Amino acid sequence: MSVIRSVVAGCGSYLPEKVLTNADLAKMVDTSDEWIVERTGIERRHIAAEGELTSDLGRHAAERALADAGMGVDDIDLIVLATATPDNTFPATATTVQAQLGMYHGAAFDVQAVCSGFVYAMSVANNFIAMGQSKGALVIGAETFSRILDWEDRGTCVLFGDGAGAVVLRPEEQPGTREDRGMLTAHLHSDGRYKEKLYVDGGPSSTGTVGHLRMEGREVFRHAVVNISGAIQEALDETGYSAAEIDWFIPHQANKRILDATAKRIGLAPEKIIMTVAEHGNTSAASVPLALDVALKDGRIKRGDLLLLEAMGGGFTWGSALLRW
6 MSVIRSVVAG
16 CGSYLPEKVL
26 TNADLAKMVD
36 TSDEWIVERT
46 GIERRHIAAE
56 GELTSDLGRH
66 AAERALADAG
76 MGVDDIDLIV
86 LATATPDNTF
96 PATATTVQAQ
106 LGMYHGAAFD
116 VQAVCSGFVY
126 AMSVANNFIA
136 MGQSKGALVI
146 GAETFSRILD
156 WEDRGTCVLF
166 GDGAGAVVLR
176 PEEQPGTRED
186 RGMLTAHLHS
196 DGRYKEKLYV
206 DGGPSSTGTV
216 GHLRMEGREV
226 FRHAVVNISG
236 AIQEALDETG
246 YSAAEIDWFI
256 PHQANKRILD
266 ATAKRIGLAP
276 EKIIMTVAEH
286 GNTSAASVPL
296 ALDVALKDGR
306 IKRGDLLLLE
316 AMGGGFTWGS
326 ALLRW
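Residues in the sequence shown are numbered from 6 upward in steps of one, following my numbering.
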């Protein structure tokens, strides 16, 4: 029995021009390149310019994804944008990107699941396509986390960067087996009991301010490895694949130690991990599509490869997705 799958037709990304190195940070807070690299694997990150908004980053990534797909705005009718750093409290940043692209039809909205946002957004768009409610979707992860950092807190300001990535999904009829192209499965989770472990201490309803990011690093690490591994195992169990059959593991780029520990826990070979954390830092909802685009552009990912995506963010939220390129 044939099914409609969401196939990735194109991918694009964008990084702000400004680069902030560990050496630069060492002049701002009590830290060093050695300290940051040893604990996180991060060497540099990109920072949005003054006046450069999340929507600007998202638009650039979206334009590149559409160009890569050989498609235009008339070929899509849905934009799902994942971000925890919107331009405004409202309207949705997705609608700003929609207008910038010259798309005056369809629907556009934001998804807020922090670092898990892109995996959540992919799942949402996939459901629209599977139900026949979208002929093509633009899924974007875009962040300007530099705007919510406390630049005097060395435990958090060294971790994050700005950027955006996007994919174009289109419906394609497939045989309905695990060998199909496109999205095969997605598993999403959240548990609000752990809000205080990773959150921003501000908001329109609570303080009337934007606030700053706060994190209990050790607790986040502990939960991340367990939660992410569980979501990955769900994807493998549902499709019948083993970790050894995954061609590429494209995780949220939170911390090299988390990525290594997760891969080891589920039995994934280290050489299968697409890791961009050293160059980008943690770009929250943008990190998965940024890493995907890097691996596509350098030729590692090829047609037919089986890709495993995963992420975990504040909330806690976490999830996984399995797709065939």
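Idealized CB from N, CA, C, for every residue including glycine.
The model shown is predicted, which means the values in this text are computed figures rather than measured ones.
C-beta contact flag for residue i and residue j at 7 Å
i: A240; j: L328; result: no
i: P294; j: F123; result: yes
i: D115; j: A89; result: no
i: P209; j: T94; result: yes
i: L25; j: R50; result: yes
i: S121; j: D298; result: no
i: A87; j: G146; result: yes
i: V225; j: K202; result: yes
i: A118; j: Y125; result: yes
i: L83; j: A112; result: yes
i: A290; j: V173; result: no
i: M188; j: N131; result: yes
i: L264; j: I278; result: yes
Terminal residues of the beta strand (DSSP E) in which residue i lies
i: M220; result: L218 to M220
i: S195; result: G187 to S195
i: V116; result: A112 to V116
i: T214; result: That residue, T214, is in no beta strand (DSSP E); it is neither H nor E in DSSP.
i: V124; result: No beta strand (DSSP E) contains V124, which is instead part of the alpha helix (DSSP H) from G122 to A135.
Alpha-carbon to alpha-carbon, residue j and residue i
i: V42; j: R262; result: 10 Å
i: T3; j: E184; result: Only positions 6 to 330 of the chain appear in the structure, and residue 3 is not among them; the question remains open.
i: I233; j: G137; result: 30 Å
i: M220; j: T212; result: 18 Å
i: M127; j: W40; result: 35 Å
i: V102; j: R64; result: 6 Å
i: L314; j: Q258; result: 11 Å
i: K140; j: V129; result: 14 Å
i: K269; j: A171; result: 28 Å
i: D195; j: G319; result: Note that residue 195 is Ser in the sequence shown, not Asp. Answer to the nearest angstrom: the Cα atoms are 9 Å apart.
i: S325; j: L193; result: 7 Å
i: N287; j: I47; result: 8 Å
i: A248; j: T59; result: 35 Å
i: N260; j: R227; result: 12 Å
i: Y199; j: D155; result: 21 Å
i: I271; j: G56; result: 42 Å
i: A266; j: N27; result: 24 Å
i: G235; j: G222; result: 20 Å
i: Q238; j: V282; result: 23 Å
i: W330; j: K23; result: 32 Å
i: Q190; j: W323; result: It is Thr, not Gln, that sits at residue 190 in the sequence shown. Roughly 15 Å between the two C-alpha positions.
i: H217; j: A169; result: 21 Å
One or two residues paired with residue i in a DSSP bridge
i: T170; result: Just to set this straight, residue 170 is Gly in the shown sequence, not Thr. Per DSSP, S18 and G146.
i: W253; result: L312
i: V402; result: The structure shown does not extend to residue 402, since the chain spans only 6 to 330, so no value can be given for it.
i: E177; result: R10
i: F165; result: N287
i: I278; result: F254
i: H228; result: H228 pairs with nothing; no bridge assigned.
Start-to-end residues for the alpha helix (DSSP H) that takes in residue i
i: Y204; result: Element bounds for Y204: not the alpha helix (DSSP H) but the beta strand (DSSP E), L203 to V205.
i: A283; result: V282 to H285
i: R262; result: K261 to I271
i: A326; result: Looking at the DSSP string, A326 is not in any alpha helix (DSSP H); the run it does join, the beta strand (DSSP E), is T322 to R329.
i: K302; result: S292 to K302
At a cut of 8 Å, does the segment 161-176 reach the segment 139-153 through at least three beta carbon pairs?
-> The segment 161-176 vs the segment 139-153: in contact.
Three or more C-beta pairs closer than 8 Å, one from the segment 174-183 and one from the segment 10-19: is that the case here?
-> Touching, per the Cβ criterion.
Do three or more CB pairs link the segment 28-45 to the segment 68-77 at distances below 8 Å?
-> Counting Cβ pairs under 8 Å, fewer than three are found: no touch.
Assess, as a yes-or-no matter, whether the segment 243-257 is touched by the segment 299-317 under the definition of 3 or more beta carbon pairs within less than 8 Å.
-> Yes: at least three Cβ pairs fall under 8 Å.
Counting pairs of Cβ atoms below 8 Å between the segment 106-113 and the segment 74-82, do you hit three or more?
-> Contact check between the segment 106-113 and the segment 74-82: three or more CB pairs, one atom from each, fall below 8 Å, which counts as touching.
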